[in-house]
Amino acid sequence: MRFRLLRGDVILKILLAAAALFVIGVVVGLAVELFLGSAPSLFKFGPSFLVESKWQPSNNVFGAWPFIYGTLVTSAIAIVIGFPISLGIAVFITEKLKSHLTFGYLLGTLVDLLAAVPSVIYGLWGVFVLIPIIRDYVERPLSKSLSYIPLFSGHPFGYDFLTAGVILAIMVIPTMSAVTRDVLSVVPNSQREAMYSLGATDWEATQKSVLPYARSGIFGAFILGLGRAFGETMAVTMVIGNIPSVSSSLFSPGATLSSIIANQFGESSGVFQGALIELGLILFFVAVLINGLARLLLWRMTRATHAKA
Amino acid sequence: MKTTYVIIAAIVVIAIIIGGVFAYISLSSSTTSSNNATPTPSPSPSPTASATATPTATPKPTTTVSPTSTVTPTFTPTPTASPTLVPTITPATLNGGGGTLVAPLMSVWQGAYGSVEPQITVNYNAEGSGAGITDFKNQVVNFGESDAPMTTAQYAALPSGTTALTIPISASAVVPAYNLKLLNGTVCQNGLNFTGAVLANIFLGTVTTWNDASIQALQSPAVAAQLPNTPIITVHRSDGSGTMFAFSNFLSDSNSQFKTTIGESTTPNWVTTSGGTIAAPKNAGVAAAISGNNGAIGPLEIAYILENTGQTSIYYGTVENAAGNFILANVTNIAAALSAGASTGLPAGSASWTSVSIVDNIFSNTSATTVYPIATLTYALVYQNQTPSSITNAASAAALVNFLQWVVSPAGQSLGSGLGYVPLPANVVAVDTASIDTITYNGGAPIV
Chain A
1 MRFRLLRGDV
11 ILKILLAAAA
21 LFVIGVVVGL
31 AVELFLGSAP
41 SLFKFGPSFL
51 VESKWQPSNN
61 VFGAWPFIYG
71 TLVTSAIAIV
81 IGFPISLGIA
91 VFITEKLKSH
101 LTFGYLLGTL
111 VDLLAAVPSV
121 IYGLWGVFVL
131 IPIIRDYVER
141 PLSKSLSYIP
151 LFSGHPFGYD
161 FLTAGVILAI
171 MVIPTMSAVT
181 RDVLSVVPNS
191 QREAMYSLGA
201 TDWEATQKSV
211 LPYARSGIFG
221 AFILGLGRAF
231 GETMAVTMVI
241 GNIPSVSSSL
251 FSPGATLSSI
261 IANQFGESSG
271 VFQGALIELG
281 LILFFVAVLI
291 NGLARLLLWR
301 MTRATHAKA
Chain B
310 MKTTYVIIAA
320 IVVIAIIIGG
330 VFAYISLSSS
340 TTSSNNATPT
350 PSPSPSPTAS
360 ATATPTATPK
370 PTTTVSPTST
380 VTPTFTPTPT
390 ASPTLVPTIT
400 PATLNGGGGT
410 LVAPLMSVWQ
420 GAYGSVEPQI
430 TVNYNAEGSG
440 AGITDFKNQV
450 VNFGESDAPM
460 TTAQYAALPS
470 GTTALTIPIS
480 ASAVVPAYNL
490 KLLNGTVCQN
500 GLNFTGAVLA
510 NIFLGTVTTW
520 NDASIQALQS
530 PAVAAQLPNT
540 PIITVHRSDG
550 SGTMFAFSNF
560 LSDSNSQFKT
570 TIGESTTPNW
580 VTTSGGTIAA
590 PKNAGVAAAI
600 SGNNGAIGPL
610 EIAYILENTG
620 QTSIYYGTVE
630 NAAGNFILAN
640 VTNIAAALSA
650 GASTGLPAGS
660 ASWTSVSIVD
670 NIFSNTSATT
680 VYPIATLTYA
690 LVYQNQTPSS
700 ITNAASAAAL
710 VNFLQWVVSP
720 AGQSLGSGLG
730 YVPLPANVVA
740 VDTASIDTIT
750 YNGGAPIV
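From first to last, the protein sequence lines are chains A and B.
Residue numbers for the first sequence, in this note's numbering: 1 to 309.
Residue numbers for the second sequence, in this note's numbering: 310 to 757.
In structure tokens, the structure reads:
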């Protein structure tokens, strides 16, 4: 028994288990470190930190609400724009380009390449290309004709929630479309053939059989995209305007949890730094919460599908 | 049974790894005098490489300094004079961290200094002034750097028994930059006139259009007639910065409401104005936000504008000084501002610099007729006594003194003017030199 313990098999097992536990150690260490770092502000402001909407470092007044709000709004815009496009790309490649495999592969690779572009490049492109376009051709007409709707009120100049959301949408598309594509491509052909044998058109087969079959995977892609949108920092920082404000208008500059940390950490100290780290803690918990929720839903969906089958 | 063994063994492995890392970190950061008490003398393999190497090289450079090696405190900043620096004979690495304002100049210094003293490597991490002060406090850098002097709280947080030296190493100025299309369709060029009070009202949001009477009143009639009713978009930095500190300092001096509402800080409590407000990261972000929006105005560092002359559509205005003259910032009048600001007396390097402000010093100095009013110093922070540690030994202490002497010398200062950094005037350099002359190693005699 004692000697058997030292067999290569066992040693490998130990090493692999150590590697797995290492990840757990990192996550726990991260949470502990964030908690300790945020202690100065955590104990000073308590839960009111979450709902306070003032952020005034030089008066030692800190509140997380503008940043939570900004993160939620920009991520929502990103998903609203990005999700249908990603789904469209995935369905087009897997269902419509089946007879043109080379072209489908090429298109898929191009979309994947979008994910390889560093986010600061998106930010630069946003500042010099996207902002003028959105400001002159989207926001100004909207604000002229629909300014009585709170969503489109205010004087637009491009550095706002909308631009940040559009940039984020472009950045989450590769993630979401790649996962959706993978999911759709493993849908068994028998599913489609069954629909065709009933006289269904291409679209009916996709809509009634392929998408429902893959919905849990598609939902996973949705959550992955949301996660990417939540944490994205550099590109958002460059286009969102960085004003800690809570405004119902999409044309109002804002700030997100990650952008304020990137902006102000370098010059912070004491309670100010604690407050910034607490924002990091919030971001960390929100990410864990979202992923946990997604896993739970996915698990229930797959269980339901299996039960049906 | 077997799984239990595996899990126990894995936990042991993890514990050893984590414990080892922690032990290593705590050992190397706390007291390291045991393994670094002896400075590594390792004589240079190529003695000709260093011009200042003496043939009688000993491992103790601190004791073999000739009295002629001090920098004379009264030179004028001309690039021709070559300073006599403390001889350094052993290779050393200097690690610094701090403000981004000085970062472009620091990289030029690293290159030029490398050819003067090939034995010494200078690393600089442009991590921000706040981080620079924190690293300085934690003694993980040989020198810190900050655009604003340390606050009382920051002085109090320093390790007990230490004395911090505040050494101005360079200077810059902040200008009101704008992008404005005039009524005749042309873009407004350099030279729109501003006062601190009007700028404060613009950033408070009480002056909201470019043809506001208070702005028109400052211009010549021809220019005033061309000002459109374009809404003013205010732009400022989203990150903490010494540029914002100097600008908000000046506006707070000019307008008491600005002082109470927005305040003077590296991260002021900016308000959102009715024409719109944008905060963007770094000088480049502010410049992009200004150049992309007709009617935008924001504070920019003069160095950034001079570096990019002809490449941007950004122009900047004059600012009224205490004597009532509207001054368009340039290297000459910024140097004059520093000289006038320092002439009222700077503290000794080892004293508290918390309340030192060139802006405050010249704000009501009506006899300084040609000075530009928003000039600011940027500071190196070093400990007066260089205590041995994992990053400090006799060689690094001597190298630090040598480097600082070179930086404040004409050789170092002249390198900045091409980048828009203003050479320090003689009275500031005199204070610097006096401070550098007091640096000691491990409680010994001054290195110089």
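For glycine and all other residues, C-beta sits at the position ideal for the given N, C-alpha and C.
Quantities reported herein were computed from a predicted structural model and do not represent experimental measurements.
(request) Check the Cβ-Cβ distances between residue 723/B and every residue of chain A, and say whether any is below 8 Å. (result) In the second sequence, the residue the question calls residue 723/B occupies position 414. So no, residue 723/B is outside the interface.
(request) Could you tell me which chain B residues have their CB closer than 8 Å to the CB of residue 321/A, listed as they occur along the chain? (result) The displayed coordinates of chain A run from 1 to 309. Any statement about residue 321/A would go beyond what the structure contains.
(message) When you compare the region 435 to 446 of chain B with the region 454 to 469 of chain B, are there three or more beta-carbon pairs, one atom per stretch, that lie closer than 8 Å?
(response) Yes: at least three Cβ pairs fall under 8 Å.
(message) Quick check for students: name the residue ranges of the alpha helix (DSSP H) that lie wholly in the region 126 to 180 of chain A, counting only runs of 4 or more.
(response) As for any alpha helix (DSSP H) of minimum length 4 sitting wholly inside the region 126 to 180 of chain A, the runs are 140 to 146, ordered along the chain.
(message) Suppose contacts are defined by Cβ-Cβ distances below 8 Å. Is residue 631/B in contact with residue 674/B by that definition?
(response) In the second sequence, the residue the question calls residue 631/B occupies position 322. In the second sequence, the residue the question calls residue 674/B occupies position 365. Taking 8 Å as the Cβ cut-off, residue 631/B and residue 674/B qualify as a contacting pair.
(request) Could you please give the first and the last residue of the uninterrupted alpha helix (DSSP H) stretch that includes residue 40/A? (result) Here residue 40/A is taken as the residue at index 40 of the first sequence, counted from 1. Residues 8 to 45.
(request) Kindly list, in the order they appear in chain B, the residues whose Cβ is closer than 9 Å to that of residue 127/A. (result) For the purposes of this step, residue 127/A is taken as residue 127 along the first sequence, with counting starting at 1. Residues of chain B passing the Cβ test: 589, 594, 597, 598 and 601.
(message) When you measure from the CB of residue 530/B to every non-hydrogen atom of the ligand PLP, does any distance come out below 7 Å?
(response) In terms of ligand content, the structure shown is empty, and the ligand PLP therefore cannot be addressed.
(message) residue 693/B and residue 472/B - do their beta-carbons sit closer together than 8 Å?
(response) Within the second sequence, the letter at position 163 stands for residue 472/B. Within the second sequence, the letter at position 384 stands for residue 693/B. Yes; because the gap between Cβ atoms is below 8 Å, this pair is in contact.
(request) Whole angstroms is fine: what's the gap from residue 290/A's alpha carbon to residue 50/A's? (result) Taking the first residue of the first sequence as 1, we reach residue 290/A at position 290. Taking the first residue of the first sequence as 1, we reach residue 50/A at position 50. Between residue 290/A and residue 50/A, the C-alpha separation is close to 18 Å.
(request) For residue 63/A, name the three-state secondary structure that DSSP assigns. (result) Position 63 of the first sequence, counting from 1, holds the residue named residue 63/A. Residue state for residue 63/A is assigned as coil, using DSSP reduced to three classes.
(message) In whole angstroms, give me the CA-to-CA distance for residue 500/B and residue 637/B.
(response) The residue you call residue 500/B lines up with position 191 of the second sequence. The residue you call residue 637/B lines up with position 328 of the second sequence. Per the coordinates, the alpha-carbon of residue 500/B lies some 7 Å from the alpha-carbon of residue 637/B.
(message) Is there a Cβ of chain A sitting closer than 8 Å to that of residue 440/B, yes or no?
(response) Sequence index remark: in the second sequence, residue 440/B carries index 131 (1-based). Closer than 8 Å to some Cβ of chain A, the Cβ of residue 440/B qualifies, so yes.
(message) What does the alpha-carbon distance come out to for the pair residue 222/A and residue 474/B?
(response) Translated into positions along the first sequence, residue 222/A becomes position 222. Translated into positions along the second sequence, residue 474/B becomes position 165. Taking the CA atoms as reference points, residue 222/A sits about 55 Å from residue 474/B.
(message) DSSP three-state label for residue 567/B, please.
(response) Counted from its first residue, the second sequence places residue 567/B at position 258. Correct three-state label for residue 567/B: helix.
(message) Using the three-state DSSP reduction, which class does residue 748/B fall into: helix, strand or coil?
(response) For the purposes of this step, residue 748/B is taken as the residue at position 439 of the second sequence. Reduced to three states, the DSSP call for residue 748/B is coil.
(request) Quick one: using the 10 Å Cβ neighbour count with 16 as the cut-off for buried, is residue 188/A buried or exposed? (result) Locating residue 188/A in the first sequence gives position 188, where the first residue counts as 1. Counting other Cβ atoms within 10 Å of its Cβ, residue 188/A stays below 16 and is therefore classed as exposed.
(request) Compare the C-beta of residue 278/A against all C-beta atoms of chain B and say whether one is closer than 8 Å. (result) To locate residue 278/A, count along the first sequence from 1; it is residue 278. It does not; no Cβ of chain B falls within 8 Å.
(request) Provide the residue span of the alpha helix (DSSP H) that contains residue 291/B, from first to last. (result) The question about residue 291/B has no answer here: the residues shown for chain B are numbered 310 through 757.
(message) Does chain B have any CB closer than 8 Å to the CB of residue 163/A?
(response) Your numbering for residue 163/A matches position 163 in the first sequence. Chain B, which has no Cβ nearer than 8 Å to the Cβ of residue 163/A, makes this no.
(message) Going by beta-carbon coordinates alone, are residue 159/A and residue 241/A separated by less than 8 Å?
(response) For the purposes of this step, residue 159/A is taken as the residue at position 159 of the first sequence. For the purposes of this step, residue 241/A is taken as the residue at position 241 of the first sequence. Yes; because the gap between Cβ atoms is below 8 Å, this pair is in contact.
(request) Could you name the residues of chain A that residue 436/B contacts, counting a contact when the two beta carbons are closer than 7 Å? (result) The residue given as residue 436/B occupies position 127 in the second sequence. Those are 266, listed as they occur along chain A.
(request) Could you give the DSSP three-state label for residue 287/A: helix, strand or coil? (result) Counted from its first residue, the first sequence places residue 287/A at position 287. Shown here, residue 287/A sits in a helix according to DSSP, grouped into three states.
(request) Could you pull the start and end residues of the alpha helix (DSSP H) that residue 614/B belongs to? (result) Position 305 of the second sequence, counted from the start, is the residue given in the question as residue 614/B. Unbroken alpha helix (DSSP H) run through residue 614/B: 611 to 616.
(request) Quick one: using the 10 Å Cβ neighbour count with 16 as the cut-off for buried, is residue 569/B buried or exposed? (result) Within the second sequence, the letter at position 260 stands for residue 569/B. It counts as exposed.
(request) Determine the chain A residues that contact residue 577/B at a beta-carbon separation under 8 Å, and present them in chain order. (result) For this step, residue 577/B is matched to residue 268 along the second sequence. Neighbours of residue 577/B on chain A, chain order: 58.
(request) Assuming residue 542/B and residue 587/B form a contact by the criterion Cβ under 8 Å, report the distance between their Cβ atoms to the nearest whole angstrom. (result) For the purposes of this step, residue 542/B is taken as residue 233 along the second sequence, with counting starting at 1. For the purposes of this step, residue 587/B is taken as residue 278 along the second sequence, with counting starting at 1. About 7 Å; that satisfies the 8 Å criterion.
(request) Report the residue from 13/A, 218/A, 29/A and 236/A whose alpha carbon sits nearest the alpha carbon of residue 184/A. (result) Taking the first residue of the first sequence as position 1, residue 184/A is located at position 184. The shortest Cα separation from residue 184/A among 13/A, 218/A, 29/A and 236/A belongs to 218/A.
(request) Measure the C-alpha to C-alpha separation of residue 421/B and residue 467/B and round it to an integer number of angstroms. (result) On the second sequence, position 112 is the one that residue 421/B refers to. On the second sequence, position 158 is the one that residue 467/B refers to. When only Cα atoms are considered, residue 421/B and residue 467/B end up about 32 Å apart.
(message) Short of 7 Å Cβ to Cβ, which residues in the region 209 to 240 of chain A face chain B?
(response) Under the 7 Å Cβ criterion, the region 209 to 240 of chain A contributes 237 and 238.
(request) Tell me whether residue 370/B sits in a helix, a strand or coil according to DSSP, three-state version. (result) Here the question's residue 370/B lines up with position 61 in the second sequence. In this predicted model, residue 370/B has a pLDDT of only 37, less than 50, meaning its place in the structure is not dependable enough to derive any value.
(request) Using a Cβ cut-off of 9 Å, pull out every chain B residue sitting near residue 66/A, in sequence order please. (result) The sequence position of residue 66/A within the first sequence is 66, counting from 1. Neighbours of residue 66/A on chain B: none; closest Cβ ~11 Å, over 9 Å.
(message) Going residue by residue through the region 638 to 699 of chain B, where are the continuous alpha helix (DSSP H) segments of at least 4 residues, counting only ones entirely within it?
(response) Those alpha helix (DSSP H) runs which fall completely within the region 638 to 699 of chain B and span 4+ residues are 640 to 652 and 667 to 672.
(request) Kindly list, in the order they appear in chain A, the residues whose Cβ is closer than 9 Å to that of residue 627/B. (result) In the second sequence, residue 627/B corresponds to position 318, counting from 1. Within 9 Å Cβ-Cβ: nothing; residue 627/B doesn't reach chain A, min ~26 Å.
(message) Rounding to the nearest angstrom, what Cα-Cα distance links residue 756/B and residue 745/B in this structure?
(response) Along the second sequence, one-based indexing puts residue 756/B at 447. Along the second sequence, one-based indexing puts residue 745/B at 436. Residue 756/B and residue 745/B have their C-alpha atoms spaced approximately 9 Å apart.
(request) Can you grab the Cα-Cα spacing for the pair residue 239/A / residue 590/B, in whole Å? (result) For this step, residue 239/A is matched to residue 239 along the first sequence. For this step, residue 590/B is matched to residue 281 along the second sequence. Whole-angstrom Cα-Cα distance: 10 Å.
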